[in-house]
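What follows is a short report on a single structure.
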Amino acid sequence: MSTSTEYQSPAEAAADAHADRVRPAGPVGSTATVTELLLTHAAGNPARRQEAGLPASPAARPRLGVAVVACMDARINVESLFGLTEGDAHILRNAGGVITTDVVRSLAVSQNVLGTTEIILLHHTSCGLEQITDDGFRDQLERDTGVRPEWSVQAFANVEDDVRLSLRILRSSPFLQATTSVRGFVYQVETGGLVEVRA
Numbered sequence: 001m002s003t004s005t006e007y008q009s010p011a012e013a014a015a016d017a018h019a020d021r022v023r024p025a026g027p028v029g030s031t032a033t034v035t036e037l038l039l040t041h042a043a044g045n046p047a048r049r050q051e052a053g054l055p056a057s058p059a060a061r062p063r064l065g066v067a068v069v070a071c072m073d074a075r076i077n078v079e080s081l082f083g084l085t086e087g088d089a090h091i092l093r094n095a096g097g098v099i100t101t102d103v104v105r106s107l108a109v110s111q112n113v114l115g116t117t118e119i120i121l122l123h124h125t126s127c128g129l130e131q132i133t134d135d136g137f138r139d140q141l142e143r144d145t146g147v148r149p150e151w152s153v154q155a156f157a158n159v160e161d162d163v164r165l166s167l168r169i170l171r172s173s174p175f176l177q178a179t180t181s182v183r184g185f186v187y188q189v190e191t192g193g194l195v196e197v198r199a
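With full-length UniProt numbering, the residue at position 47 of the sequence shown is 47, and numbering never jumps.
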């Protein structure tokens, strides 16, 4: 657990709690989960929104008309990377940032109901999906649970090749005809830089 007397963000406090569960003020023997720590921070969100001058009833339509499809990797802070704030964009995340049926569903709603027209696809270096195979992962889950998943994890051997495949899927979807721009990038987790992948 951190011994620093400096301010800790909720994420830092949560990391400490994960490593060594913390004891909040309260009955002896009680412990706080990481979720409880994050909820404590979330309780202050209305005041922070008010201090930031955000509208009380923000519009549902993203101000910038863009949707970002990114990997769920915790090393990518999508909002910080692109300078986004609340209400700017739709951000869809999953393992690998791959284009699943559900991603297409969400993008179709994003475009056809909420007016987005641009898509940014964001993969990254050192992705976990490059370290596994579909069959190997499904075999592991079946061994561990006794049930073989019907879905594919959509693992890939090369991140740039998967970005190109994802771009082709997005550009050819009949449900995403409102798209005016779709571009794909690989986030360099080592440096924080972006490298564009041309289809």
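Where a beta carbon is used, it is the ideal one built from N, C-alpha and C, also for glycine.
So, using beta-carbon positions, are residue i and residue j closer together than 8 Å?
| i | j | result |
| --- | --- | --- |
| Met72 | Arg93 | yes |
| Gly97 | Ala70 | yes |
| Ala95 | Val147 | no |
| Phe156 | Leu121 | no |
| Leu167 | Val182 | yes |
| Ile76 | Leu170 | no |
Is residue i near the ligand ADP, judged by its Cβ being under 7 Å from some heavy atom?
| i | result |
| --- | --- |
| Val109 | Of ligands this structure carries none, so the ligand ADP is not represented either. |
What residues in its chain sit with their C-beta under 7 Å from that of residue i, if we drop five residues either side in the sequence?
| i | result |
| --- | --- |
| Leu186 | Checking the displayed sequence, the identity of residue 186 turns out to be Val instead of Leu. Excluding positions up to five away in sequence, the list reads His123, His124, Thr125, Val159, Glu160, Val163, Val195 and Val197. |
| Thr116 | Pro62, Gly65, Val66, Ala67, His90 and Ser110 |
| Ala43 | none |
Excluding the 5 residues flanking residue i on each side, which residues of the same chain have their C-beta closer than 6 Å to its C-beta?
| i | result |
| --- | --- |
| Val28 | Reliability of the predicted coordinates at Val28 is poor, the pLDDT of 48 falling under 50, and no value is obtained from them. |
| His18 | Below a pLDDT of 50, predicted positions are generally treated as unreliable, and His18, at 49, falls in that range; no measurement from the model is reported. |
Counting C-beta neighbours from all protein chains within 10 Å, is the total for residue i 16 or more, i.e. buried, or is it exposed?
| i | result |
| --- | --- |
| Ser172 | exposed |
| Gly26 | Because Gly26 carries a pLDDT of 45, less than 50, the predicted location of this residue cannot be relied on, and no value is offered for it. |
Locate the beta strand (DSSP E) running through residue i, then write down its first and last residues.
| i | result |
| --- | --- |
| Ala67 | Val66 to Cys71 |
| Glu196 | Leu194 to Val197 |
Below 8 Å CB to CB, which residues in the same chain sit around residue i once its five sequence neighbours on both sides are set aside?
| i | result |
| --- | --- |
| Pro46 | none |
| Arg21 | Any reading at Arg21 is ruled out, since the residue's pLDDT is 48, under 50, leaving its predicted position unreliable. |
| Gly193 | Tyr187 |
**Prompt:** Does the region 81 to 91 touch the region 43 to 63, meaning 3 or more C-beta pairs lie closer than 8 Å?
**Reply:** yes
**Asked** Between the region 120 to 127 and the region 139 to 150, do at least 3 Cβ pairs fall closer than 8 Å?
**Response** no
**Item:** Contact the region 101 to 117 vs the region 168 to 181: 3+ CB pairs below 8 Å
**Value:** yes
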